[in-house]
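Undergrad: So in the working numbering the end of the sequence shown lands on 314, straight run, no missing numbers.
All C-beta atoms in this analysis are idealised placements derived from N, C-alpha and C, irrespective of residue type, glycine included.
Can you keep this structure in mind? I'll have questions shortly.
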Amino acid sequence: IELQERGEAYYFIADLHALTTVQNAAALRANVHELALDFLACGLDPARSVFFRQSDVPQVAELAWILSTVTPMGLLERCHSFKDKTARGIAPSHGLFAYPVLMAADILIYDSDIVPVGRDQKQHLELARDIAQQRINARFAPRDAAGEPIPLLKVPEPLILKDGARVMSLTDGRSKMSKSDPNEGSRISLLDPPELIVKKIKRAKTDPTMGLEFGNPERPEADNLLGLYALLTGKTREQACQDCSAMGWGTFKPLLADAGVEALRPVQERYQQWRQDPGAVEAVLRDGQAKAAAVAEQTLDRVRQALGFLPRR
């Protein structure tokens, strides 16, 4: 959300990607609407950003197909995501296997400069960079009058947050906090009421050691919960450590619960406001679609012509 203050930020709801696991029309529509509410509740400002549904920009699917024709199978076979998801029981499909190519199209079609990613997604961004540099620009870029190549696709840089890039489960401190975890006590959800947040924090796994600290591999729970405290209060890790280095868990947990309740209060208030006007949410997505499609069409047209297709009529 902070990135919308630094430049032109594009946010989209990845409903095409969702088809690899969600294949119920009513559920997909409901999930898309709920996610739109979540983004807006978290503070996404339609006046400062471009917010849209992925499926409303058909150019991205066309670019994904073009990219797939030049992407070696070996690149995709090395991607961890496909192996991880099939290991968790998700049925393998072409869509699941080619997921990183569609992700590359999502990134490249909007001439992205930087892409915020978690550490577990950095590999997919590297694949997008490889496709842009080695598979498209190096092979198909036109030349200027001096014979220098004119890149067809901009090659973006990753932005990995120093803090909060990977928030871990409340129940073990070692696995990623995830909505797909069947144990609801493992996560704090945006719409959890205050009493539930307090309950979850109270039951979060801890250890018998007095005082909280960062960086001790023997104390993943302390590292995770102290990190959450820093994120929720807006303090630096150094400040959080100073605050809590001598605290016992009985003192720290209520402090963390209060921080969670206060941090989510404005989010929940905005959620209820947007929820009262579904038409306004839809208008935001339609406006974002128009802006995104205009940029996407320019990028796609460059690539199409370089590969031999005629310009759009």
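Kindly indicate which three-state DSSP category L153 falls into: helix, strand or coil?
TA: Here residue 153 refers to the residue found at position 152 of the sequence shown. In this structure, DSSP gives L153 a state outside helix and strand, which the three-state scheme calls coil.
Undergrad: Taking C-beta to C-beta, are K236 and E222 nearer than 8 Å?
TA: As a first step, residue 236 must be located in the sequence shown, where it is residue number 235. As a first step, residue 222 must be located in the sequence shown, where it is residue number 221. The answer is no: Cβ separation not under 8 Å.
Undergrad: For I198, is the classification buried or exposed, using 16 other Cβ atoms within 10 angstroms of its Cβ as the cut-off for buried?
TA: If you number the sequence shown from 1, residue 198 lands on position 197. Under this definition I198 is a buried residue.
Undergrad: Within 10 angstroms of its Cβ, does M74 collect 16 or more other Cβ (buried), or is it exposed?
TA: In the sequence shown, the residue the question calls residue 74 occupies position 73. Exposed.
Undergrad: Just to check my reading of the structure: L257 and L226 have Cβ atoms closer than 8 Å, yes? What is that Cβ distance to the nearest angstrom?
TA: Counting from 1 along the sequence shown, the entry for residue 257 is found at position 256. Counting from 1 along the sequence shown, the entry for residue 226 is found at position 225. The Cβ separation is near 6 Å, so the contact holds.
Undergrad: With a threshold of 8 Å on Cβ separation, who are the neighbours of E9 within its own chain once the five nearest residues in sequence on each side are excluded?
TA: Translated into the one-based positions of the sequence shown, residue 9 becomes position 8. Cβ neighbours of E9 beyond the five flanking positions: S50 and V51.
Undergrad: Give the straight-line distance between the Cα atoms of L286 and R89, rounded to the nearest whole angstrom.
TA: Along the sequence shown, read from residue 1 onward, the residue named residue 286 stands at position 285. Along the sequence shown, read from residue 1 onward, the residue named residue 89 stands at position 88. Approximately 33 Å, taken between the alpha carbons.
Undergrad: Measure the C-alpha to C-alpha separation of A291 and Q5 and round it to an integer number of angstroms.
TA: Working through the sequence shown from its first residue, we reach residue 291 at position 290. Working through the sequence shown from its first residue, we reach residue 5 at position 4. Answer to the nearest angstrom: the Cα atoms are 18 Å apart.
Undergrad: For S69, does the three-state DSSP call read helix, strand or coil?
TA: The residue labelled residue 69 in the question sits at position 68 within the sequence shown. It is helical.
Undergrad: Please say whether L233 and I67 have beta carbons closer to each other than 8 Å?
TA: Your numbering for residue 67 matches position 66 in the sequence shown. Your numbering for residue 233 matches position 232 in the sequence shown. With respect to L233, I67 sits apart: the two C-beta atoms are not nearer than 8 Å.
Undergrad: For V116, which residues does DSSP report across the bridge?
TA: Within the sequence shown, residue 116 is the residue found at index 115, counting from 1. Its beta-bridge partners are P159.
Undergrad: My assumption, with CB atoms under 8 Å, is that A105 sits in contact with L128. Please give the rounded CB distance.
TA: Position 104 of the sequence shown, counting from 1, holds the residue named residue 105. Position 127 of the sequence shown, counting from 1, holds the residue named residue 128. 6 Å between Cβ atoms; contact.
Undergrad: Taking the beta carbon of I2 as the centre, do at least 16 other beta carbons fall within 10 Å, making it buried, or is it exposed?
TA: As a first step, residue 2 is located in the sequence shown; it is residue number 1 there, counting from the start. When all chains shown are included, I2 counts as exposed.
Undergrad: How far does the alpha helix (DSSP H) with V102 in it extend, from its first residue to its last?
TA: Translated into the one-based positions of the sequence shown, residue 102 becomes position 101. DSSP places V102 in the uninterrupted alpha helix (DSSP H) bounded by Y100 to L109.
Undergrad: So, are the CB atoms of L154 and A133 less than 8 Å apart?
TA: Counting from 1 along the sequence shown, the entry for residue 154 is found at position 153. Counting from 1 along the sequence shown, the entry for residue 133 is found at position 132. Yes, Cβ-Cβ distance for L154 and A133 is below 8 Å.
Undergrad: Please confirm if the segment 291-303 is in contact with the segment 57-64, defined as three or more CB-CB distances below 8 Å between the two stretches.
TA: Under the 8 Å Cβ criterion, the segment 291-303 counts as touching the segment 57-64, having at least three qualifying pairs.
Undergrad: Which of the three DSSP states is assigned to R175 in this structure?
TA: Residue mapping note: residue 175 aligns to position 174 of the sequence shown, counting from 1. If DSSP states are grouped into helix, strand and coil, R175 belongs with coil.
Undergrad: Below 8 Å, can you find three or more Cβ-Cβ pairs linking the segment 33-46 to the segment 263-279?
TA: yes
Undergrad: Here's the rule: buried if 16 or more other CB atoms are within 10 angstroms of the residue's CB, otherwise exposed. What is Q299?
TA: Walking along the sequence shown from the start, residue 299 turns up at place 298. Classification of Q299: exposed, given that the 10 Å Cβ count is below 16.
Undergrad: Measure the alpha-carbon distance for N184 versus L311 and round it to whole angstroms.
TA: Here residue 184 is taken as the residue at index 183 of the sequence shown, counted from 1. Here residue 311 is taken as the residue at index 310 of the sequence shown, counted from 1. Cα to Cα, N184 sits roughly 53 Å from L311.
Undergrad: With 16 as the cutoff for other CB atoms within 10 Å, does G251 come out buried or exposed?
TA: Counted from its first residue, the sequence shown places residue 251 at position 250. Classification for G251: exposed.
Undergrad: Considering just the uninterrupted stretch of the beta strand (DSSP E) at F52, what are its terminal residues?
TA: Counting from 1 along the sequence shown, the entry for residue 52 is found at position 51. Start and end: S50 to R54.
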